[in-house]
Each structure stands twice: as structure tokens, then as C-alpha cells.
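Chains as they are written, first to last, in the working numbering: chain V, 1222 to 1645; chain B, 1222 to 1645. Each residue gets a CB set at the ideal place from its N, CA and C atoms; glycine is no exception.
(1) On the criterion of 16 or more Cβ atoms from any shown chain inside 10 Å, does residue 1526/B qualify as buried, or is it exposed?
(2) Looking only at its chain, what residues have a beta carbon closer than 8 Å to the beta carbon of residue 1609/B, apart from the 5 residues adjacent to it on each side?
(3) Would you say residue 1401/V faces chain B, with C-beta separation under 9 Å as the test?
(4) So does the stretch 1295–1314 of chain B actually touch the stretch 1398–1415 of chain B, counting three or more Cβ pairs closer than 8 Å?
(5) Compare the Cα-Cα distances from residue 1486/V to each of 1335/V, 1366/V, 1521/V and 1253/V and report the closest residue.
(6) Spell out the partners DSSP gives residue 1287/B in its beta bridges.
(7) Any idea if residue 1534/B is buried or exposed, counting beta-carbon neighbours within 10 angstroms, 16 or more meaning buried?
(8) Nearest to residue 1328/B by alpha carbon, out of 1369/B, 1524/B, 1476/B and 1568/B?
(9) Reducing DSSP to helix, strand and coil, say where residue 1271/B ends up.
(10) Is the shortest distance between the beta-carbon of residue 1255/B and the beta-carbons of chain V less than 9 Å?
(11) Would residue 1322/B count as contacting chain V if we go by Cβ distances under 9 Å?
(12) Taking the beta carbon of residue 1412/V as the centre, do at least 16 other beta carbons fall within 10 Å, making it buried, or is it exposed?
(13) Look at residue 1518/B and residue 1478/B and say whether their C-beta atoms are less than 9 Å apart.
(14) List, from N- to C-terminal side, the beta strand (DSSP E) runs of 3 residues or more that fit wholly inside the stretch 1475–1514 of chain B.
(15) If the cut is a Cβ gap below 8 Å, which residues of chain V does residue 1336/B touch?
(16) For residue 1506/V, is the classification buried or exposed, using 16 other Cβ atoms within 10 angstroms of its Cβ as the cut-off for buried?
(17) Specify, as a first and last residue, the run of the beta strand (DSSP E) that residue 1575/V falls within.
(18) Can you check whether the CB of residue 1225/V is closer than 9 Å to the CB of residue 1559/V?
(19) For residue 1269/B, I'd like the list of residues in its chain whose CB is within less than 7 Å of its CB, leaving aside the five on either flank, ordered along the chain.
(20) State the beta-bridge partners of residue 1560/B as determined by DSSP.
(21) With 9 Å as the threshold, decide whether the Cβ of residue 1258/B is near any Cβ in chain V.
(22) Just to confirm the assignment: which complete beta strand (DSSP E) runs, minimum length 3, are found wholly within the stretch 1372–1441 of chain B?
(23) Using a Cβ-Cβ cutoff of 7 Å, what residues of the stretch 1579–1605 of chain B are near chain V? List them in chain order.
(24) Under 9 Å between the Cβ atoms of residue 1502/V and residue 1333/V?
(25) Taking 9 Å as the threshold (C-beta atoms), are residue 1464/V and residue 1422/V in contact?
(26) Would the beta-carbon of residue 1588/V be found less than 8 Å away from any heavy atom of the ligand SAM?
(27) Does the beta carbon of residue 1344/V come closer than 9 Å to any beta carbon on chain B?
(28) Comparing C-alpha positions only, which one of 1302/V, 1263/V and 1296/V sits nearest to residue 1291/B?
(29) Using a Cβ cut-off of 9 Å (strictly closer), state whether residue 1482/B contacts chain V.
(30) Quick one: Cα of residue 1235/V to Cα of residue 1587/V, how far?
(31) Is the distance from the Cβ of residue 1432/V to the Cβ of residue 1343/V below 9 Å?
(32) Indicate whether at least one CB of chain V lies closer than 9 Å to the CB of residue 1318/B.
(33) Looking at residue 1293/B and residue 1319/B, is the spacing between their C-beta atoms short of 9 Å?
(34) Starting from residue 1327/V, trace the alpha helix (DSSP H) both ways and give me its first and last residue.
(35) Quick one, which of 1530/V, 1490/V and 1546/V has its alpha-carbon nearest residue 1301/V's?
(36) Along chain B, which residues have their Cβ under 9 Å away from the Cβ of residue 1367/V?
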């Protein structure tokens, strides 16, 4: 197969006709496949059903002497705080264990900043004339929707293979209206990149003009390798403290992709000073989070070593799915020179950069053939990808058989849209 | 025993000496008793341990064909929405089933009004020059803390045996800066009063100056009779709609005192128009709440009839506790004419109005004798009871034996503080 850019107009026409015929054939099957969201598949849910079978005995109603079934312990069961501290390599007293979703904790943090301000805020953010926020792109649509919802002007920071472009970040934080940055530092959403040590150190070493500049450190995939061993990762809380910025970072994590999406346990981790400040605000809204579910997780996951064993079982399910898509892209698309992609070893996504100007069309073709994908542009603030190129592929939810069909269709659509763009 | 106000100075001195001696005798025991919060006792928690034993089978991972273990259904499992609609006598599509605490949903509603405004808000509330809120007193301290946290000027509305003084409410809502009212309409916290039908109709019929005036209808004790049969209660959503105010009320409820405090399921209920508006805002902060726990509750509680049977079992535990305190008050305090109290048939509290000016002193004496009570003033906005009189007694958490001791001490303290006030 030749690179499409080298094809003559004649050859392109022929290739388009062949590809279109293949596409129409699969379209006729009336498939209904979903590669849109980072959802674990059924096999993964079944994998952790032990958390249902292995239920609390009366002795286990107590945790550190406290009845997990009653009100109390706003910051979470001490044992749950220890578990997350173990996973994140921070201290238990830096951990607040919340409800079923880290997204809620992140939303809540921005909300509190908006209504009340954060620890070092001169005033609540709603009283600031202008609010700006740094968004590494491509990034996570749900992050961007939060800052969009609060009226931030979102500034795009290009992602590099080492993480956000730190020259751009260092320049941007000189503006006092820039209040923070979204980061998924390990297996970034969607690129699957691990921030380099240098990137992380430069982030921890930032000197932002805003005294309440906040790094929203969404460590969603902290132990989520699907290929190879667990990759140790620096504790951002220690690093920020080391560089004199102890209160500049708030870290988030959850068990949504360890146990159950939507029925797991989430946490945030931060400096002790931030913890005292945030706990005071949180005490207005909650008496306590679901400590029974926290206890289930403590009993089921035990500690980091045991949790990593479970992650290897998830990996055994996930790796073939990622390989299926990556191998199909390598085989069907790489020779054509019409798209680039990362080859992640963890996380939940494959980020494909289609030929500029073709992402939207590609996904329209996918949809028409029964394959739902994350909408084009979703990985950019306001849903607007300036190059109309980035496509987030979420290979985790479909079965391997479905995935194989969906990936095949996706490749056909990449080809059709590229040929259309080149002219047919 | 004579009324204290009729005692001579001599008699008061003698009575004080006797009472003080009794008090010092119990104080010497070094007790540690808690009547401070509306927490279910251990016996109640054990009562519902079936929710742990009766776990999900693989067939039960599905609810209405949907896997409860994965993301989705922001507004909650349809079956959970039906269950709460059954309990509250409203429609399933009016119900949003959330996480573990209705307090969070209430906080979240005020937060969203503050940051974004409600359905009929001309602007977000943080842009209003002045915010006022109606607080029936005595009331629930955690309600008042929410509106205090957002800077509302809180206007006290006296409670009557029929609910809030509606003349005062109707007058107050003519001020456009008055944005809402806290209500616990059934077994109000702390009075244990059921709002009369007339009060409820007048509330539903209000014509507030603020287009976004909101009745925060915290139906926390909707099925929480501890004496007698379930008392049917009007559906406030229908009533408000009937009077042309369909969007004026948001109702809240939870299973915190049906299954487990802090590990139950909460909901709000509102008009379909409010639901559409709030769901849009909620979709930014959450993908879904814990549907596994919702499913546990659906399977365990089944429907209203079955849930009411469970509530009768709670009642069998609670009634003796309430009677213990009420009988002690009747016997020890009523003849002295130094306090008044309601005799609730449901809810979680007994509201005692001590001799004006003595609440704080009474509770200091209790504390010194090892009995923790809700702080004086907690039932008023800003924690300030203008008469220093109201005391919230929470008899549910201690065992009956502990409660009997605690109530005895409480009565001694009421007597001592009254005598001190009268002069000894």
C-alpha cells in the first residue's frame, strides 16, 4: 500500500471506490458498537465481583474501633486513608476519602474556589474580573466542561511526549488571572503519556502570579498499567513541598477502574494546610461519605501490593483490546501516512491524530456504520479542535470481537475521510 | 412538688442544696453519654444488617436491563426512582436518586443557585446584592450552616404547633431578596411537629417577590413514625403545581434513618422543568451516583409497604427511648413549671424549651456531668437563640439504660439552672 499523499488522482479514485464498497458492506450489517467512553467492560466488572461476595461480618462493622455503619469521620475511614496513601505514595493525613467519584471531588474543588476561594485566595473566584485556566490538549472533556461551566477562559497548552509544554506553562502562569491547570500525569487522557520527571519537577517548581494557582493533579490511572510492571511515579505533594509550593497541588484518584465505575471510592490528597481549609468547607456539606463502601474496599483491596495483583488481572483483559486496535492501525493505516497515534502502556485510551480537517467526517462515517466514538473535538476546550484532527479511541468497553469489528470500521472511515480530503 | 416560681427563697435554697447533692453524686460517676445528634443506635444498625447479608447475585447486576455496576443513569436507577416516588407519593420522573446523603444534595442545590442560579433566576445568586433566607425556629443546625456559609441574612420565622407562622412567611416573601425557606414538614427538626394541611397549602400558594424563591422541603422523616401507624402526608410537588407554583419546591429525602446513616441513598424530587435544569448542571459534576448501593436498597426495601414494615421495627426500638425521656420530663420537670416540650410521634428529636435564659447553663451542667447534648443555640441561625431557652434532645443513639441516666442528669440540670436563675 502506498502513502495516500503519493497517490495519483486516478489511484485515489480507485482506492476510494474499493474502500467505499468495503464500508458499505459493513454498514449493511447494522452494527451497534461503542468505543466512546473509558468504561470497563463486563469481564472486568465480573473480575471484581468478589467485592460483593466477600461481605462484611459483624466484626468488620468496626474499623479502628469505629462503627463504619454510622455517621462520622468526614475525611474517611483511617484505614481507607491509609490505603490510598499507600497507592499514591503520600501520607494518610494528606488523604480525604470521599464518595463514588473523583469527578465530583474535582468539581467540588473548583466550586468551592468559585464560591469561597481556596486557601491562598485573596477573594472568592466569582469576584475576580477574569478567570483563566490552562488546558493541556488533547485532554479530558469532563475536565474542560467543569472549567467551561464556571466561565473560565481556557488556554490551550500543547501536549508533548513528555507532558504539557512547560515553556508554555511557565509563560502562561505569569498572568495572575491564570488560576490553575488540569493534569492527568500518568497515562494522560487521551494520549496515554507519562509526564517526564523533568516536566513534573518544572510543574512543582512553578512560580505563578496567582497566589492560589492550583494544579489539579488527576491521577486517574496511577496504577493502571495494562502492559508491563507497575511504573513508580513521583509523589507530587512531596515535590511541591520540596520546592516551597506545598499548597499548589490537589491530587485526585479513585477505584473506578480498580473495582467498579460509579460504585467505587474516590479521594483527594493535598497538604495538611489545604486539608484543614477544605475540611472546614466540606463540613458544611456532609456529615460523612459512605464508609461502608470504604470498608468494603479496604477489605477487598488490602494494600498496594494486593491491589497491583488485581490490576494485573485487569491488564490481562485490557491488553488484548489495546493491541487489537493498535495492530489494526499499524497494519491498515500506518502505511498510508494519514494518521499518527501514541502507543500507551496504561490508561484507557488511544489518541489518534487523523489527517487535519478529517476528524469530524471520520466520526460521522463511523456513526453511520453503527460505531459510536467520543465526538470529534471533545478532547479540546469548548469541544473545538482547531485542527479537526484528534480522535479519542476507547477500546475497553466492547468485547474483543466487537472491538475488532469497530476498529476495522474506524480504519475504513479514516481512509475514506482522508481520500475525500485529498480529493476524489 | 411545687412549681419553682411559687417557692419561697428559703425553699429554693433547700431545693437547690438537695438537687445539687444529687447532681454531684451522678457527676462523681464520671459518665460519658451522648444525646447530641440524631444518630440511630447500634440496635437499629444491626436491624438492617440484612442489606449486607442479602447480596447481589449476577442476575441482580441488571436493573431494567442495565448493568448497575457500570457508569450511566445520572438521575439514578429507574427502580430506585420508582421506590422513592412510592415513598414520597410523587412520580418517578420527578425523582433524582443521588449518593449517600440528602445534606449534600441540599448543599449542592444552594451552591448551584449561588454559582449559576436556579431555573427562574434572573442571575446567579452571587450577583444579587443581598440574599435573605427564611428559617423557621427552632430548626436544623445543618440547614442554617449552609445558608450561613453562603452569606444569607437569615430571617427567623417562629414555629407554631401547625408549622411555620404563615402570616410571617407571607409577609417576608414580599421582599425580593428573600430567596427561600428551610422546611422539615413532617416531624420537624427539632420540634417533631407535622405541618398542618393549611400551613402546607399556604406554603404552596405563596406569591414570593423573588421569581426563584425556593422551598427546601427536607422530608427527612417522611415515614419515620415511632408511635402509631404511618401518617399519610400531602405531596408538596402536586400541591405547588396545583397552585401554579410547580417549580417553587425541591423535596429531599434519604434512607439514612431507614437503612444506614451515611451509607444509605438520598434523593431529591422536583418538577420536570426543574429536573431538566438541574440535571444539566449535575451532568458537569457527575457521571452517575452509586447505582450498586441503589440496587441494594431497591432489593432490600422493595416498596413502600415493605419499607413501612421495617420502619415499625425501628419504631419498636425508638419508642421506648422517646418514652423514657418524655416520661422523665413529665414526672420530674412538668410539676415544676420550668420547661415546655412537644410530644412527638415520629422523627428523631425532643425539643425542650427551658426557662428563658437557662439553656446554655443547663447544657454546661450536663457536659460537666458527662452528658453531651446539641449545643445551646444550635437550633437557631448563627447558633444564637435569642431566649437562650431551646434545647434539642436526641434520644436515639444511647442504649435505653444510658438514656435513662442521661435523661435523669438532664432533668437535674434543668432544675439547677432554673433555681439559679430564680435566685438561690
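Checking against the coordinates, here is how it stands:
(1) exposed
(2) Once the five neighbours on either side are set aside, the close Cβ partners of residue 1609/B are 1577, 1578, 1579, 1580, 1581, 1597 and 1598.
(3) no
(4) no
(5) 1521/V
(6) Residue 1287/B pairs with 1284/B.
(7) With fewer than 16 Cβ atoms within 10 Å of its Cβ, residue 1534/B is classed as exposed.
(8) 1369/B
(9) helix
(10) no
(11) Yes, residue 1322/B lies at the interface with chain V (some Cβ there is under 9 Å from its Cβ).
(12) buried
(13) Cβ atoms of residue 1518/B and residue 1478/B: not closer than 9 Å.
(14) Fully enclosed beta strand (DSSP E) runs of 3 or longer: 1487–1490.
(15) Within 8 Å Cβ-Cβ: 1332, 1335, 1336, 1347 and 1371.
(16) buried
(17) Residues 1571–1575.
(18) yes
(19) Result list for residue 1269/B: 1480 and 1481, in chain order.
(20) 1575/B, per the DSSP bridge assignment.
(21) yes
(22) 1374–1381, 1399–1404 and 1435–1439
(23) none
(24) yes
(25) yes
(26) Ligands in the displayed structure: none, and consequently the ligand SAM is not present.
(27) Among the residues facing chain B, residue 1344/V is not included, as its CB has no counterpart in that chain under 9 Å away.
(28) 1263/V
(29) yes
(30) 21 Å
(31) yes
(32) no
(33) no
(34) Run containing residue 1327/V: 1323–1336, per the alpha helix (DSSP H) assignment.
(35) 1490/V
(36) Correct list: 1505 and 1506.
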